[in-house]
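J.: Dropping the structure in here first, questions after.
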Amino acid sequence: MYIFQLKIIEFIQLLRSPFLDELFKFLNLFDTPIFYLILFPMLWIGYSYRFGAKTFFILMFSAIVNEFLKNIFMQPRPYILDPNVGIIHVLSNYGLPSGAAQIAVILPLLLIEHFKKKKWPIILGINYFFWISLSRLYLGVHFLTDIIAGWFIGLGLFLVYLYLFPLIEKMLKKYKPANIFWIA
Numbered sequence: 368m369y370i371f372q373l374k375i376i377e378f379i380q381l382l383r384s385p386f387l388d389e390l391f392k393f394l395n396l397f398d399t400p401i402f403y404l405i406l407f408p409m410l411w412i413g414y415s416y417r418f419g420a421k422t423f424f425i426l427m428f429s430a431i432v433n434e435f436l437k438n439i440f441m442q443p444r445p446y447i448l449d450p451n452v453g454i455i456h457v458l459s460n461y462g463l464p465s466g467a468a469q470i471a472v473i474l475p476l477l478l479i480e481h482f483k484k485k486k487w488p489i490i491l492g493i494n495y496f497f498w499i500s501l502s503r504l505y506l507g508v509h510f511l512t513d514i515i516a517g518w519f520i521g522l523g524l525f526l527v528y529l530y531l532f533p534l535i536e537k538m539l540k541k542y543k544p545a546n547i548f549w550i551a
């Protein structure tokens, strides 16, 4: 199974160029703690506390579920099996499911759900979903099955979020915003 999936990555990497290497390395920043350290305060302080809290909740929940599942499946990343496909290396040795693919589903759905009557979240969301997912294959950090699993898990988590967050929100209304930040 790994041989076929490595062939998919090698096929995508036939497009390699210095420009694409740098583009996809840049896109990798959207799957790092630095991105989230910038995103959460921007949303909380710069846009909307409520939307920031919702985003924080679902992305942290997604990260916990992702780490739990990676430690259950313990599937190695492509560049561990074939160092020739590794354009970058990441901290975790396990790739299934892809956390970036989970977020590539969750963030666009959050935007679409929040800005229901706008077209730009759909356009932005489709682009984010496509380019982040493709970047994981191009960089050799995920197999296609890792990404597909991440998509389905991300969708499932978003659906759970749609049900659970209104209940959590009612519970959190008892606290001041600063206290919720410190609790989290």
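Residue numbers (my numbering): 368 to 551.
Beta carbons: idealized from backbone N, C-alpha and C, even for Gly.
(1) Put PRO443 into one of helix, strand or coil per three-state DSSP.
(2) State yes or no: is the C-beta of VAL452 within less than 7 Å of the C-beta of ILE401?
(3) Report the CB separation of LYS437 from LEU463 in whole angstroms; it is logged as a contact under 8 Å.
(4) Counting Cβ pairs closer than 8 Å, one from the segment 390 to 410 and one from the segment 437 to 451, do we hit at least three?
(5) When burial is assigned at 16 or more other CB atoms within 10 Å of the CB, is GLY413 buried or exposed?
(6) Quick one: measure Cβ to Cβ for ILE425 and LEU477, integer angstroms, because I've assumed they're closer than 8 Å.
(7) Over what stretch of residues does the alpha helix (DSSP H) that includes PHE386 continue unbroken?
(8) Using alpha carbons as the reference points, say which of PHE418, ILE499 and TYR446 lies closest to LEU458.
(9) Kindly indicate which residue of LYS537, ALA467, ASN494 and ILE489 has the alpha-carbon position closest to the one of VAL516.
(10) Are the beta-carbon atoms belonging to ILE493 and ARG503 less than 7 Å from one another?
(11) In angstroms, rounded to a whole number, what distance separates the CA positions of ASN460 and VAL527?
(12) For PRO475, report the span of its alpha helix (DSSP H) as first-last.
(13) Suppose you measure from the CA of GLU434 to the CA of GLY521; what does that come to, to the nearest Å?
(14) For LEU404 versus THR422, is the C-beta spacing smaller than 7 Å?
(15) Among MET427, PHE407 and PHE428, which residue has its Cα nearest to the Cα of PHE418?
(16) Considering only C-alpha positions, which residue in the set PHE525, LEU534, GLN380 and SER384 is nearest to HIS481?
(17) Since TYR416 sits in a beta bridge, which residues does DSSP pair it with?
(18) Report, in whole angstroms, the separation of the C-beta atoms of LEU448 and TYR369, which I expect to be a contact under 8 Å.
(19) Over the uninterrupted alpha helix (DSSP H) stretch that includes ILE370, give me the two end residues.
T.: Looking at the atomic coordinates:
(1) Here DSSP, grouped into helix, strand and coil, assigns PRO443 to strand.
(2) No, the Cβ-Cβ distance between VAL452 and ILE401 is not below 7 Å.
(3) 7 Å
(4) no
(5) It is exposed - the Cβ of GLY413 has fewer than 16 other Cβ atoms within 10 Å.
(6) 7 Å
(7) Run containing PHE386: 385 to 395, per the alpha helix (DSSP H) assignment.
(8) When each option's Cα is compared against that of LEU458, the closest is TYR446.
(9) As written in the sequence, residue 516 is Ala, which differs from the Val given in the question. Comparing Cα-Cα distances from ALA516 to each of LYS537, ALA467, ASN494 and ILE489, the minimum goes to ALA467.
(10) no
(11) A direct Cα-to-Cα measurement between ASN460 and VAL527 gives close to 28 Å.
(12) 466 to 481
(13) 13 Å
(14) no
(15) PHE407
(16) PHE525
(17) Note: TYR416 sits in no beta bridge, so no partner.
(18) So it is a contact: roughly 6 Å between Cβ atoms.
(19) For ILE370, the enclosing alpha helix (DSSP H) stretches over residues 369 to 379.
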